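Engineer: Starting off with a structure, shown below.
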Amino acid sequence: MPELPEVEVVRRGLAEHVVGRVIESVVVTHPRSVRRHLEGAADLAARLTGLRVASAERRGKYLWLTFDDPETSLVVHLGMSGQMLVQPVDAPAEKHAHIRAGLDDDTELRFVDQRTFGGWQLAPLLEVDGTMVPEPVAHIARDPLDPLFDADVAVKALRAKQTEIKRVLLDQSVLSGVGNIYADESLWRAGLHGGRLASGLSRTAMHGLLTEVGAVMGEALAAGGTSFDALYVNVNGQSGYFERSLAVYGREDEPCRRCGAAIRREKFMNRSSYSCPRCQPKPAARATRP
DNA sequence: TATATCTCCTGCGGGC
DNA sequence: TGCCCGCAGGAGATAT
Numbered sequence: 018m019p020e021l022p023e024v025e026v027v028r029r030g031l032a033e034h035v036v037g038r039v040i041e042s043v044v045v046t047h048p049r050s051v052r053r054h055l056e057g058a059a060d061l062a063a064r065l066t067g068l069r070v071a072s073a074e075r076r077g078k079y080l081w082l083t084f085d086d087p088e089t090s091l092v093v094h095l096g097m098s099g100q101m102l103v104q105p106v107d108a109p110a111e112k113h114a115h116i117r118a119g120l121d122d123d124t125e126l127r128f129v130d131q132r133t134f135g136g137w138q139l140a141p142l143l144e145v146d147g148t149m150v151p152e153p154v155a156h157i158a159r160d161p162l163d164p165l166f167d168a169d170v171a172v173k174a175l176r177a178k179q180t181e182i183k184r185v186l187l188d189q190s191v192l193s194g195v196g197n198i199y200a201d202e203s204l205w206r207a208g209l210h211g212g213r214l215a216s217g218l219s220r221t222a223m224h225g226l227l228t229e230v231g232a233v234m235g236e237a238l239a240a241g242g243t244s245f246d247a248l249y250v251n252v253n254g255q256s257g258y259f260e261r262s263l264a265v266y267g268r269e270d271e272p273c274r275r276c277g278a279a280i281r282r283e284k285f286m287n288r289s290s291y292s293c294p295r296c297q298p299k300p301a302a303r304a305t306r307p
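Now the structure itself:
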């Protein structure tokens with residue numbers, strides 16, 4: 018499941034292998050992968066063809082390519098299972114390769130997506146808070162690895178929410194880049210249960226939590242990301258190693274690495290949450306939702 | 001307006 | 001062996 022570190026690994030790969038290349042052809046074989054491009058697959062293919070890639074950018078979990086045509090950007094979201102692979106043009110197509118863009122160096126940029134939650138779309142660039150971003154990314158907050166990330170602003174936005182802190186961590190319009198895995202890891206490091214009310218945390222506690230979010234993401238990025246299966250890989254098809262460093266996610270009934278208590282798994286927002294019952298005590302019932 | 005819930009999708013594993 | 005069901009979860013749509 019690609020979160021910020023995994024997406025950044027992919028962005029770096031695109032910067033190395035795709036920037037400077039000219040797109041010579043585009044073939045879309047699964048319409049759902051371009052469902053957010055309302056003008057349709059043929060329009061996307063026609064407008065991409067002939068463009069030279071100028072840069073690979075990222076905010077949170079969104080990726081985009083810019084081109085020598087400053088009016089256009091290609092926005093990519095990997096969803097749960099999306100991959101951006103750079104392969105020799107004659108390499109066998111992957112089972113779920115839904116978009117193939119031929120480049121001018123006899124390679125292909127392929128969008129492979131088993132669960133089809135991700136996709137490509139073309140969008141104009143807008144200036145938001147002093148930074149040019151594609152229109153679909155305009156509502157996404159800066160992420161903790163953004164050089165212009167302001168922790169004080171983020172703490173204020175997080176504490177303004179009258180709901181559980183984990184729900185707010187997953188809200189990309191408040192703080193971007195955090196998904197289910199790193200939310201659980203950050204909360205464990207901060208010693209906070211995800212059911213705590215965001216507005217009930219002190220500034221100091223929220224700053225501490227943000228510090229842990231940045232730390233866990235930085236460590237994951239250094240390890241090349243987290244991988245549970247073949248669904249997350251970089252542009253060369255290689256997996257990361259951070260899974261080995263996860264303290265709580267996916268470790269139900271295993272001992273907490275801090276206190277030894279058995280890690281618990283709970284349902285939250287129709288997905289699993291992992292925490293330590295001793296290090297992360299549940300808040301009073303009034304502030305907890307099942 | 002803010003918050004909560006539903007829906008999309010596919011492959012895997014477990015149970016029968 | 002084959003079928004059914006639950007699970008995984010990002011984010012937009014819809015409901016409250």
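If you want our numbering, it's the position in the first sequence, counting the first as 1, plus 17.
The beta-carbon is built from N, C-alpha and C at its ideal position, and this holds for glycine as well.
Only a predicted model underlies this, so the values are computations on that prediction, with no experimental measurement involved.
Pick out the complete alpha helix (DSSP H) segments inside the region 91 to 139, 4 residues or longer, and give them in chain order.
Structural biologist: Within the region 91 to 139, no complete alpha helix (DSSP H) run reaches 4 residues.
Engineer: With DSSP collapsed to three states, give me the class of F245.
Structural biologist: Any reading at F245 must be qualified, since the residue scores a pLDDT of 49, below 50, and its modelled position is unreliable; the value itself is stated next. If DSSP states are grouped into helix, strand and coil, F245 belongs with coil.
Engineer: The alpha helix (DSSP H) spanning K173 covers which residue range?
Structural biologist: Note, K173: alpha helix (DSSP H), 168 to 176.
Engineer: Distance check for T180 and R288, CA to CA, integer angstroms please.
Structural biologist: When rounded, the distance between both Cα atoms is 17 angstroms.
Engineer: What is the residue span of the alpha helix (DSSP H) that Y199 lies within?
Structural biologist: First-last of the alpha helix (DSSP H) with Y199: 197 to 207.
Engineer: Would you say the region 74 to 94 touches the region 136 to 154, given that touching needs at least three Cβ pairs under 8 angstroms?
Structural biologist: Result yes; three or more Cβ-Cβ pairs closer than 8 angstroms.
Engineer: Keeping to the same chain, check which residues put their C-beta closer than 7 angstroms to that of R306; ignore five residues upstream and five downstream.
Structural biologist: Below a pLDDT of 50, predicted positions are generally treated as unreliable, and R306, at 39, falls in that range; the measurement from the model is reported next regardless. Excluding sequence neighbours, R306 sits near E181, G212.
Engineer: Can you confirm whether the region 115 to 126 touches the region 28 to 48 when touching is taken to mean that 3 or more C-beta pairs between the two stretches lie within less than 8 angstroms?
Structural biologist: Result yes; three or more Cβ-Cβ pairs closer than 8 angstroms.
Engineer: Once you ignore the five residues that flank R75 on each side, which residues in its own chain have a CB closer than 7 angstroms to its CB?
Structural biologist: Taken in chain order, the residues that qualify are V24, E25, R28.
Engineer: Looking at C273: is its Cβ nearer than 7 angstroms to the Cβ of G208?
Structural biologist: The answer is no: Cβ separation not under 7 angstroms.
Engineer: Do I157 and G77 have their beta-carbon atoms positioned less than 7 angstroms apart in this structure?
Structural biologist: Yes, the Cβ-Cβ distance between G77 and I157 is below 7 angstroms.
Engineer: Only counting the same chain, and skipping five residues up and downstream in sequence, which positions put a Cβ closer than 8 angstroms to that of A174?
Structural biologist: Cβ neighbours of A174 beyond the five flanking positions: A158, V191, L192.
Engineer: Return yes when the Cβ of V103 is within less than 7 angstroms of the Cβ of T124, no when it is not.
Structural biologist: Closer than 7 angstroms, so yes.
Engineer: Output yes or no for whether 7 angstroms exceeds the beta carbon distance between R64 and M97.
Structural biologist: No. Outside cutoff.
Engineer: Beta-carbon separation of H210 and V172 under 7 angstroms?
Structural biologist: No; because the gap between Cβ atoms is not below 7 angstroms, this pair is not in contact.
Engineer: I'd like to know whether the C-beta atoms of Y266 and D201 end up nearer to each other than 7 angstroms.
Structural biologist: In contact: Y266 and D201 (Cβ atoms closer than 7 angstroms).
Engineer: Rounded to whole angstroms, how far is the Cβ of E312 from the Cβ of S262, which I believe are closer than 8 angstroms?
Structural biologist: Nothing in the structure corresponds to residue 312, since the chain is present only between 18 and 307.
Engineer: Tell me the DSSP secondary structure of M286 in three-state form.
Structural biologist: Coil at M286, not helix or strand.
Engineer: For F84, collect the residues of the same chain with a Cβ closer than 8 angstroms to its Cβ; drop the 5 residues on either side in sequence, then sort them by chain order.
Structural biologist: Around F84: L68, R69, V70, A71, S90, L91.
Engineer: Under the three-state reduction of DSSP, which class applies to V185: helix, strand or coil?
Structural biologist: V185: helix per DSSP, three-state reduction.
Engineer: Classify V45 as helix, strand or coil using the three-state DSSP reduction.
Structural biologist: The answer is strand: DSSP assigns V45 an E or B state.
Engineer: Going by other Cβ atoms of all chains shown within 10 Å of its Cβ, with 16 needed for buried, is G147 buried or exposed?
Structural biologist: When all chains shown are included, G147 counts as exposed.
Engineer: Which value, in whole angstroms, describes the spacing of the CA atoms of L21 and R206?
Structural biologist: Between L21 and R206, the C-alpha separation is close to 18 angstroms.
Engineer: Applying the criterion that 16 or more other CB atoms from any shown protein chain within 10 Å of the CB defines a buried residue, is V35 buried or exposed?
Structural biologist: Buried, by the Cβ-count rule.
Engineer: Measure the CB-CB distance between G231 and P161 and report whether it falls below 7 angstroms.
Structural biologist: Yes, the Cβ-Cβ distance between G231 and P161 is below 7 angstroms.
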